[in-house]
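First up is the structure itself, then whatever we jot down about it.
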């Protein structure tokens with residue numbers, strides 16, 4: 439069952455306009471389905487969709503492309519400040535499954551930032567305080583502008599690993615989406631195969647477990663659900679069912695306020 443079969447579209451739009459501030463934060467580990475949920479929920483609500491993780495991936499890709507060692511914290515931090523990252527809605531000629539278009543210094547790197555090499559290094563790069571400072575400020579500015587209703591959309595859905603705990607702790611609704619490591623590794627493995635990038639499943643799973651550990655144990659903004667986040671475990675659940683669950687949570691939230 440999908441969210442649109444449970445609720446009339448106009449009713450869902452009305453829910454989004456009643457939420458104040460109009461900010462929804464969705465966090466969770468890699469391949470948990472949080473980006474798919476955030477993108478589809480933003481579409482239903484006519485909110486802006488911002489996957490904060492693509493900005494960290496973009497920095498990681500830039501670091502690797504420039505031959506900078508990911509272990510060189512100072513150089514990585516300098517790169518994070520210097521690189522020009524632009525996030526846009528997909529154009530008419532970019533209907534290839536992407537949720538957003540990611541540009542680094544004017545180059546479209548939307549799919550390049552999903553490469554296994556980026557997967558293996560993004561947690562290290564994103565753990566550096568200077569990288570997080572360089573990106574968090576901009577994310578927060580965007581969120582507050584949309585949340586106040588001062589932009590071209592009535593609200594915003596942010597997706598990441600610390601949106602509800604660090605970027606927008608004042609978000610009106612916080613969700614934490616998760617699934618088992620094995621389930622998430624299968625999803626990432628299928629995604630890479632569809633992109634023509636065959637990779638061993640066991641390696642994907644090992645990378646996933648390693649990344650979970652780094653994300654959860656890092657000193658700065660570790661991956662964890664906010665105290666007031668609603669948890670959604672979508673192991674064995676398709677995207678439509680996850681969306682329907684999120685809409686039900688949103689409706690309950692608006693009704694209780």
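In this note's numbering, the protein residues as written are 439 to 695. Cβ coordinates follow ideal geometry from the N, Cα and C atoms, glycine included.
Among the options, nearest to residue i - alpha-carbon criterion
i           : options            : result
residue 449 : 686, 695, 694      : 686
residue 487 : 536, 500, 683      : 536
residue 693 : 451, 456, 602, 447 : 456
residue 678 : 634, 476, 661      : 476
Distance, residue j Cα to residue i Cα
i           : j           : result
residue 676 : residue 576 : 32 Å
residue 671 : residue 559 : 26 Å
residue 479 : residue 688 : 10 Å
residue 458 : residue 620 : 37 Å
residue 439 : residue 599 : Residue placement at residue 439 is poorly supported in this model, since its pLDDT is 41, which falls under 50; the coordinates still yield a value, given next. Using only the alpha carbons, I get a separation of about 28 Å.
residue 533 : residue 539 : 10 Å
residue 588 : residue 578 : 14 Å
residue 608 : residue 691 : 14 Å
residue 566 : residue 663 : 20 Å
residue 474 : residue 555 : 22 Å
residue 603 : residue 655 : 15 Å
residue 441 : residue 682 : Reliability fails at residue 441, whose pLDDT of 44 lies under 50, so the model's placement of it is uncertain and the value that follows must be treated cautiously. Each residue's Cα considered, the two are about 4 Å apart.
residue 639 : residue 557 : 14 Å
residue 483 : residue 668 : 19 Å
residue 506 : residue 643 : 26 Å
residue 665 : residue 610 : 13 Å
Cβ-Cβ separation, residue j to residue i (assumed contact under 8 Å), whole Å
i           : j           : result
residue 518 : residue 572 : 4 Å
residue 499 : residue 461 : Their Cβ separation, rounded to whole angstroms, is 28 Å, which puts residue 499 and residue 461 out of contact at 8 Å.
residue 601 : residue 516 : With 8 Å as the limit, residue 601 and residue 516 do not qualify as a contact, their Cβ atoms being about 25 Å apart.
residue 549 : residue 633 : 6 Å
Beta carbon proximity, residue i to chain C, threshold 7 Å
i           : result
residue 484 : Protein chain content of the structure displayed is limited to a single chain, and chain C is not contained in it.
Meets three-Cβ-pair contact criterion under 8 Å: the stretch 611-622 and the stretch 458-472: As far as the Cβ criterion goes, the stretch 611-622 touches the stretch 458-472, which means the pair count is three or higher.
At least 3 beta-carbon pairs within less than 8 Å: the stretch 587-606 vs the stretch 501-511: When C-beta atoms of the stretch 587-606 are compared with those of the stretch 501-511, fewer than three pairs fall below 8 Å, so the two segments do not count as touching.
Cβ contact check for the stretch 481-500 and the stretch 518-537: 3 or more pairs under 8 Å: Contact holds: three or more Cβ-Cβ distances are below 8 Å.
Those runs of the beta strand (DSSP E) which lie wholly inside the stretch 602-631 and span at least 3 residues: Fully enclosed beta strand (DSSP E) runs of no fewer than 3 residues occupy 611-616 of the stretch 602-631, in order along the chain.
4 or more residues per run - each alpha helix (DSSP H) lying fully within the stretch 516-542: Counting whole runs of 4 or more residues, the stretch 516-542 contains no alpha helix (DSSP H) stretch at all.
Inter-stretch contact at 8 Å, needing at least 3 Cβ pairs: the stretch 579-588 / the stretch 639-651: Segments in contact, no.
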